[in-house]
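Numbering (the working numbering), first residue to last: 4 to 246. Every residue gets a Cβ at the ideal spot worked out from N, C-alpha and C, and that includes glycine. Shown next, in structure tokens, is the structure this report addresses.
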Amino acid sequence: MSEPHEGALDEAQTTEAAPVEAAALAPETEAGPETETAPESEDASETAAVPEEPATPSEPDPALLAARSQARAALEEITGADTIGADGGFEVHDEHLVTLFFECRLPGYPGWHWAAALTRVDEASPVTVLEVELLPGEGAVVAPDWVPWSERLAQYREGQARQAAEESAAAEDAAAELDDDAADDLMDNDFSDFDDELDGVDIDALHGSDDDDDDDDRDDDEDLDDEADDTELFDDDSDDEEE
């Protein structure tokens with residue numbers, strides 16, 4: 004048997020390699036469009052996977068609405084029967100989930116009402132009380148919103164700083180008034196009126212009366228002197244007559 008020629012082997016290898024290369028290139032060519040369209044298919048699947056929210060039923064379960072006695076009995080486990088007032092309506096949450104409300108007669112809780120949540124699995128299941136609680140209604144008196152201690156401390160410090168600033172400003176104003184000219188202060192007060200009257204007494208009038216009294220005293224002294232002179236004169240005359 005003759006050995007194959009080297010040229011024939013090369014041709015055979017080239018012929019076998021060509022389909023392999025073509026096969027290797029073919030997936031790349033086909034994969035290109037699939038890679039580009041992949042996001043669209045993913046978006047479509049995500050859109051289809053979004054569940055629709057069930058609409059709230061317009062009609063409540065009549066069996067739940069008729070279970071008010073059961074709701075009252077559950078409420079009486081946490082409060083006195085006298086604190087539960089008249090029926091206060093209901094709220095539908097789901098097909099088989101309803102909250103029944105009752106008037107609250109507790110003192111100090113105006114506008115509040117008792118609430119009992121009732122449910123059942125299906126039409127054939129019994130009614131079950133899920134929870135009972137006391138809830139505020141419209142216009143109810145409630146506690147203020149909770150404020151963190153850091154915010155309350157900041158508000159306190161702000162108020163203290165504002166008060167200190169106001170007191171400092173008032174002290175500066177008072178000091179400025181004290182620094183005014185003393186002469187102007189004396190002119191503004193009523194000290195000068197003390198020369199005229201003191202507690203309703205006219206000082207000038209007192210001085211005038213003292214002067215008048217002095218004048219009267221001098222006049223009296225002069226009169227006495229005159230009378231003494233006259234007496235001596237008369238005494239001299241009587242002595243002459245006796246001689």
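Going by C-alpha positions, ASP125 is about 28 Å away from LEU138. Sorting LEU103, LEU121, GLY142 by C-alpha distance to the C-alpha of GLY114 places GLY142 at the top. Contact check between the region 98-115 and the region 139-159: three or more CB pairs, one atom from each, fall below 8 Å, which counts as touching. By the CB criterion at 8 Å, GLU98 and ASP148 fall outside the cutoff.
In this structure, ARG71 is the residue among GLY88, ARG71, GLU79, GLY83 with its C-alpha nearest to the C-alpha of LEU103. Scanning its chain for C-beta atoms nearer than 6 Å, with the 5 sequence neighbours on each side dropped, one finds around ALA118 the residues THR102, PHE104, GLU136, LEU138, in chain order. For ASP125, the three-state secondary structure derived from DSSP is coil. THR82 sits in coil when the DSSP states are folded into three classes, being neither helix nor strand. A residue is called buried when at least 16 other Cβ atoms come within 10 angstroms of its Cβ; LEU121 meets this threshold and is buried. The continuous alpha helix (DSSP H) containing GLU175 extends over residues 152-181. For PRO65, the enclosing alpha helix (DSSP H) has its first and last residue at 65-68. GLU161 and CYS107 have their C-alpha atoms some 41 Å from each other. Assigned with DSSP and collapsed to three states, ALA118 falls in strand. Rounded to whole angstroms, the separation of the alpha carbons of PRO151 and ALA164 is 20 Å. Around the CB of ALA74, 16 or more other CB atoms lie within 10 Å, so the residue is classed as buried. In this structure, DSSP gives ALA76 a helical state, which the three-state scheme calls helix.
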